[in-house]
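Novice:
Residue numbers (the working numbering): 23 to 206.
1. Looking only at DSSP bridge pairs, what is residue 204 linked to?
2. What's the gap between the Cα of residue 197 and the Cα of residue 75?
3. Taking three-plus beta-carbon pairs below 8 Å as touching, is the stretch 189-203 in contact with the stretch 145-157?
4. Can the beta-carbon of residue 165 be found less than 9 Å from the beta-carbon of residue 205?
5. Quick one: grab the DSSP three-state call for residue 68.
6. With three or more beta-carbon pairs closer than 8 Å as the criterion, would you say the stretch 139-148 touches the stretch 106-125?
7. Drop a sphere of 10 angstroms on the beta-carbon of residue 99, count the other beta-carbons inside from all chains shown, and report buried for 16 or more, exposed for fewer.
8. Mind checking which residues open and close the beta strand (DSSP E) that includes residue 150?
9. Do you know how far the Cα of residue 88 is from the Cα of residue 95?
10. By how many angstroms is the C-alpha of residue 83 removed from the C-alpha of residue 170?
11. For a quick check, are the C-beta atoms of residue 192 and residue 157 less than 9 Å apart?
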């Protein structure tokens with residue numbers, strides 16, 4: 023509609039000089055009236071209301087997303103250990119059953135402990151809790167090992183001589199370094 027009005031005005035501008043040259047005494051023709059000031063104001067107010075409504079909806083959506091994200095984070099913190107706890111419950115049950123025996127034989131007690139250790143190892147593996155047990159002769163890795171002492175040895179310097187305590191990692195994060203002695 024505005025394009026038609028612009029075209030009409032351009033035509034009138036071209037036609038007016040020709041009419042002026044041919045008939046100077048003719049009264050000028052009024053330009054076609056565009057939208058009135060009231061109509062422009064009403065259109066601007068409608069547009070402002072529309073934009074304000076869109077802004078309020080976007081703000082509410084953002085607040086809802088932020089709130090949901092905070093709730094999800096809180097639930098993740100609260101229940102992060104749930105899978106690991108489910109894996110450890112059978113281990114606890116096995117230990118309790120072993121303690122209920124009145125007079126266990128050494129052999130059956132040893133067998134029960136071995137089975138319980140297998141359950142615990144399986145629980146660790148399912149939850150990505152990995153053992154760090156370096157072999158003698160491996161290079162000392164300060165990201166996984168903690169050297170307790172240096173001893174004279176017939177192997178390369180800064181290599182592991184013995185492991186005093188195993189270390190553990192959860193996925194790629196160190197939980198506890200392996201305690202080792204290293205060669206001088």
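Where a beta carbon is used, it is the ideal one built from N, C-alpha and C, also for glycine. Quantities reported herein were computed from a predicted structural model and do not represent experimental measurements.
Specialist: Let me lay it out:
1. On the chain shown, position 182 is the one that residue 204 refers to. DSSP lists 172, 182 as partners of residue 204.
2. Here residue 197 corresponds to residue number 175 of the chain shown, with the count starting at 1. Here residue 75 corresponds to residue number 53 of the chain shown, with the count starting at 1. Their Cα atoms are separated by approximately 51 Å.
3. Output reads yes: the stretch 145-157 touches the stretch 189-203.
4. As a working note, residue 165 is residue 143 in the chain shown. As a working note, residue 205 is residue 183 in the chain shown. Contact: no.
5. Indexing the chain shown from 1 puts residue 68 at position 46. DSSP places residue 68 within a helical segment (H, G or I) once states are collapsed to three.
6. Short answer: they touch.
7. Working through the chain shown from its first residue, we reach residue 99 at position 77. In summary, residue 99 is exposed, with fewer than 16 beta-carbon neighbours lying within 10 Å of its beta-carbon over all protein chains present.
8. As a working note, residue 150 is residue 128 in the chain shown. Looking at the DSSP string, residue 150 is not in any beta strand (DSSP E), and its letter there is neither H nor E.
9. Along the chain shown, read from residue 1 onward, the residue named residue 95 stands at position 73. Along the chain shown, read from residue 1 onward, the residue named residue 88 stands at position 66. Straight through space, the alpha carbons of residue 88 and residue 95 are spaced by roughly 11 Å.
10. On the chain shown, residue 170 is found 148 positions in, with the first residue counted as 1. On the chain shown, residue 83 is found 61 positions in, with the first residue counted as 1. The C-alpha of residue 83 is placed about 55 Å away from the C-alpha of residue 170.
11. For this step, residue 192 is matched to residue 170 along the chain shown. For this step, residue 157 is matched to residue 135 along the chain shown. Pairing residue 192 with residue 157 gives a Cβ-Cβ distance that is not under 9 Å.
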